[in-house]
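Visitor: Got a structure for you, questions after.
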Amino acid sequence: MAFTTRKVFQVGDEVEVCSKQDGFHGSYYEGIVTENLGDKYKVKYKNLVEEDDMSTALEELAEVDEVRPVCPKVWPDFFPGERVDAFANDGWWAGIITRKSGDDWFVYFPSTFEHIAYPKKHIRLHLESRRNGWVSRDGRVFSCEGKPPSCKKRLSIVMGGSSSTSVKARLV
1333 MAFTTRKVFQ VGDEVEVCSK QDGFHGSYYE GIVTENLGDK YKVKYKNLVE
1383 EDDMSTALEE LAEVDEVRPV CPKVWPDFFP GERVDAFAND GWWAGIITRK
1433 SGDDWFVYFP STFEHIAYPK KHIRLHLESR RNGWVSRDGR VFSCEGKPPS
1483 CKKRLSIVMG GSSSTSVKAR LV
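Going left to right, the sequence shown walks through residues 1333 to 1504 as the numbering used here numbers them.
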């Protein structure tokens, strides 16, 4: 997945890297930029380790379009059908909430056809990185801290394709 935002990261910045490897599409892994090479970043992963030395954090090159800022952890009251990321296998995986049972939320993963229960602390709202913050699938905008930005701008919502049916709304 390519990101529409082109942010330049510095050495030491915390980031997430989207995997393009088969079997890992749609997963994000947290890390720290250790080198900015212009068209790539060298990233040291927070939860991934070298295959031949399990005590050493994995460090590898990532394309610019695979790197984004760390997604804010947003934990609303989830509802069935809501897109979320669940933390599993050392990364964040995109899925869909199907139901709640006790303290667990069941997440369906379309890429693997799995249906798995997670505690709320291992799930976050699925957000996409944009120039001015983070956006949920239903259009909610969040700041880097995971809170909706407060503003008092007015906007015009056009319904039915005609400006005569526009409604004034206030963003809060």
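Virtual Cβ for every residue (Gly too), placed ideally from N, Cα, C.
Tell whether a beta-carbon distance below 8 Å holds between Lys1376 and Val1396.
Guide: No, Cβ-Cβ distance for Lys1376 and Val1396 is not below 8 Å.
Visitor: What does a CB cutoff of less than 6 Å around Thr1367 pick up in its chain, not counting 5 residues either side in sequence?
Guide: It should be noted that the sequence gives Glu, not Thr, for residue 1367. Contacts found: Lys1374.
Visitor: State the DSSP-derived secondary structure class of Asp1409, mapped to helix, strand or coil.
Guide: Correct three-state label for Asp1409: coil.
Visitor: I need the straight-line Cα distance from Trp1437 to Glu1362, nearest angstrom please.
Guide: If you take the alpha carbons of Trp1437 and Glu1362, they lie about 23 Å apart.
Visitor: Determine whether the beta carbon atoms of Ala1418 and Tyr1450 lie at a separation below 8 Å.
Guide: In this structure, Tyr1450 lies closer than 8 Å to Ala1418 by Cβ.
Visitor: Since Lys1374 is in the beta strand (DSSP E), which residue starts that stretch and which ends it?
Guide: Per DSSP, Lys1374 belongs to the beta strand (DSSP E) from 1372-1381.
Visitor: For Thr1430, which option in Arg1462, Asn1379, Pro1412 has the closest C-alpha, if you only look at C-alpha atoms?
Guide: Minimum Cα distance to Thr1430 is reached at Pro1412.
Visitor: Specify, as a first and last residue, the run of the beta strand (DSSP E) that Asn1421 falls within.
Guide: It is not in any beta strand (DSSP E) - Asn1421 carries neither H nor E in the DSSP assignment.
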